[in-house]
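Structure record follows, encoded as structure tokens.
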Amino acid sequence: MARRVRYQPAAASTARFLHVSGVGLRVEQVPAGPLWNRVQRRASPDEEAPAPPGSLDSCRENAGLFRSAALRAALTHRPKNGERGRFVENYPLPTLMALPPSTQLDAAALVPWSRTYQSSESKRGVPWQLQNGPAGMAFHQLGFKVPPHFETAGVDLWRSAFDAFDTQGDLNSLLVWAEDGYAARAELGGWENPQGQRSESLEDILERPKRPGQLRDIFSGLLLMRPAAAEWLREWSLHVRDVSQDSHFPNGVVARGPHGFGGLHAEAYDGGANYRASLGDFKPTPNVPSLWSPSQYEQYSQMPTLALLLRPQFARFDAGMSMDQRTKALEAALKAVLEDSLLERPPKRVFYSAASDGDDTALLARCMAKVAPQDRLLDTGAGFRLEQCLGGEL
């Protein structure tokens, strides 16, 4: 991060990497842990498969449950020998979303649809389901500046995520959310059979057991953090009184309200010195509308670092490119990623998306063998094809 003045956010600067501090995943009813266990055992994605939903209404109801569970998982953690920790309460967490392309809704129709999907007032909205759904995270908020990305590969989503951190010095956290499946595609105006699968009505698909390669209802969220961008909020939090108060009920239950700003102390002690500040010195920023209390900053600082996320590299395949040109483009992207490995630690696994009967897998294997022949990243136990892990075609 760039140098800054106390109590002020840093100027915008390029983020070499980000902290992954929360992961939420549901492939239908299966959360991340059991799913990874299946992948390592090379078991079928349909092991202990649930009963077919039977109808689109049932599919949508299930989607609400899985969406809510994935959101909760992305915003919580389990400290050793402690109660579940949660991300910052009473803070509109900036959020980017990706959804499958609409097959029937045009650009004009997608505008009101997107507003509803990102609304905390509608039961169809993701924020509403976070606060009022089975996840029950009533103290947590999601904030949106842009409509969802409608794409399949996620290129625009990842570019937008890193661009946001690069250009906004006050951005300390970002939830990257993506979902796909029958419920999402039905919401977007219609259904089309995936290429390569026989023509079949949606009703028939939902009434029979899943088949290998079939589309799944998938909900995933990553909580990305840049802790240095929250240092100015730590400094301010030393002055802030927390608004949360306990409520005592006749049955003996004690509950509290959400943490948040409840007033300001003029003086605070930090690092061997006393500092003075007034509320007029604080200027709300696009990503920080209100100061954090000590409890809010503690919630932020206690989020774990599960992984470090490097800047993504992209290989662009234009129409008409020869195989040699594609090979050079992919080799350059792979080389850029592998040469920038953190702490000089080579990667141990690679996850990739490729058609099972296409040229993509062969191209990746050739490029990987040239760029990192010693790592053997596509060997069994190191290379994982996402479609095989998740049970459906992306």
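Residue numbers for the sequence shown follow the working numbering, so the first one is 796 and each next one is one higher. All residues carry an ideal CB built from backbone N, CA and C; glycine is no exception.
Any chain D beta carbon closer than 9 Å to residue i
{"i": "A864", "result": "Within the model displayed, chain D is absent; a lone protein chain is all it includes."}
Spatial distance of residue i from residue j (CA atoms)
{"i": "R879", "j": "M1020", "result": "19 Å"}
{"i": "T962", "j": "R954", "result": "12 Å"}
{"i": "G1176", "j": "L830", "result": "15 Å"}
{"i": "L1185", "j": "A1024", "result": "35 Å"}
{"i": "L1105", "j": "L813", "result": "7 Å"}
{"i": "P1045", "j": "V1132", "result": "59 Å"}
{"i": "Y1064", "j": "L1086", "result": "18 Å"}
{"i": "A798", "j": "F960", "result": "Correcting the residue identity first, residue 798 is Arg in this sequence and not Ala. Roughly 16 Å separates the two Cα atoms."}
{"i": "D1155", "j": "T1122", "result": "10 Å"}
{"i": "Q913", "j": "F939", "result": "7 Å"}
{"i": "F1164", "j": "Q1108", "result": "Checking the displayed sequence, the identity of residue 1164 turns out to be Ala instead of Phe. Using only the alpha carbons, I get a separation of about 18 Å."}
{"i": "Y1095", "j": "L1074", "result": "22 Å"}
{"i": "V1049", "j": "H1043", "result": "5 Å"}
{"i": "E946", "j": "L1158", "result": "23 Å"}
{"i": "L966", "j": "L1181", "result": "30 Å"}
{"i": "P1084", "j": "G1055", "result": "12 Å"}
{"i": "L1189", "j": "R1111", "result": "Confidence at L1189 is low in this model, with a pLDDT of 47, below 50, so the placement of that residue should be treated as unreliable; the coordinate-derived value is given next. Taking the straight line joining both Cα atoms gives about 19 Å."}
{"i": "E1030", "j": "T911", "result": "37 Å"}
{"i": "S839", "j": "R811", "result": "37 Å"}
{"i": "C854", "j": "A1149", "result": "27 Å"}
{"i": "L905", "j": "E1134", "result": "41 Å"}
{"i": "R980", "j": "W908", "result": "13 Å"}
{"i": "A1128", "j": "D1041", "result": "54 Å"}
{"i": "S928", "j": "G1047", "result": "Just to set this straight, residue 928 is Gly in the shown sequence, not Ser. If I take the Cα positions, the gap works out to 26 Å."}
{"i": "L1172", "j": "K1130", "result": "13 Å"}
{"i": "V950", "j": "G877", "result": "38 Å"}
{"i": "L1101", "j": "V818", "result": "9 Å"}
{"i": "G1066", "j": "G828", "result": "41 Å"}
Selection from the options that minimises the alpha carbon distance to residue i
{"i": "A846", "options": "S1032, E823, P1007, M1118", "result": "E823"}
{"i": "L1028", "options": "S1015, K1078, R1051", "result": "K1078"}
{"i": "A948", "options": "M892, P1089, G819, G931", "result": "M892"}
{"i": "Q835", "options": "R1144, V1166, G1016, M1163", "result": "R1144"}
{"i": "F1014", "options": "W972, C1162, Q1108, E946", "result": "W972"}
{"i": "K875", "options": "D1174, Q1097, P1168, G1178", "result": "Q1097"}
{"i": "P922", "options": "Y1092, N857, L870, V950", "result": "L870"}
{"i": "E1002", "options": "A827, V818, S850, F1179", "result": "S850"}
{"i": "D841", "options": "V950, A902, P1004, S994", "result": "P1004"}
{"i": "S808", "options": "M1118, R1036, G1066, D958", "result": "D958"}
{"i": "A1167", "options": "F1179, P1142, G817", "result": "P1142"}
{"i": "R1036", "options": "E1026, A933, E1126, Y1092", "result": "Y1092"}
{"i": "R1140", "options": "T1080, N1082, D1170", "result": "D1170"}
Boundaries (first-last residue) of the alpha helix (DSSP H) holding residue i
{"i": "N857", "result": "851 to 869"}
{"i": "F939", "result": "Note, F939: premise wrong, no alpha helix (DSSP H); not H, not E."}
{"i": "V1132", "result": "1118 to 1134"}
{"i": "G828", "result": "827 to 836"}
{"i": "E995", "result": "From DSSP, E995 is part of no alpha helix (DSSP H); its letter is neither H nor E."}
First through last residue of the beta strand (DSSP E) which encompasses residue i
{"i": "V1049", "result": "1049 to 1051"}
{"i": "N1069", "result": "1068 to 1071"}
{"i": "R1106", "result": "From DSSP, R1106 is part of no beta strand (DSSP E); its letter is neither H nor E."}
{"i": "M892", "result": "887 to 894"}
{"i": "D1037", "result": "1035 to 1037"}
{"i": "M1020", "result": "1013 to 1020"}
Contact under 9 Å by Cβ, residue i with residue j
{"i": "L937", "j": "P887", "result": "yes"}
{"i": "N885", "j": "P1053", "result": "yes"}
{"i": "A978", "j": "D999", "result": "no"}
{"i": "L1017", "j": "P889", "result": "no"}
{"i": "R873", "j": "L925", "result": "no"}
{"i": "L1010", "j": "P943", "result": "no"}
{"i": "V800", "j": "L1103", "result": "no"}
{"i": "F861", "j": "H935", "result": "no"}
{"i": "P826", "j": "A864", "result": "yes"}
{"i": "L900", "j": "G984", "result": "yes"}
{"i": "A1068", "j": "A1061", "result": "no"}
{"i": "H1034", "j": "L997", "result": "no"}
{"i": "R1051", "j": "S1032", "result": "no"}
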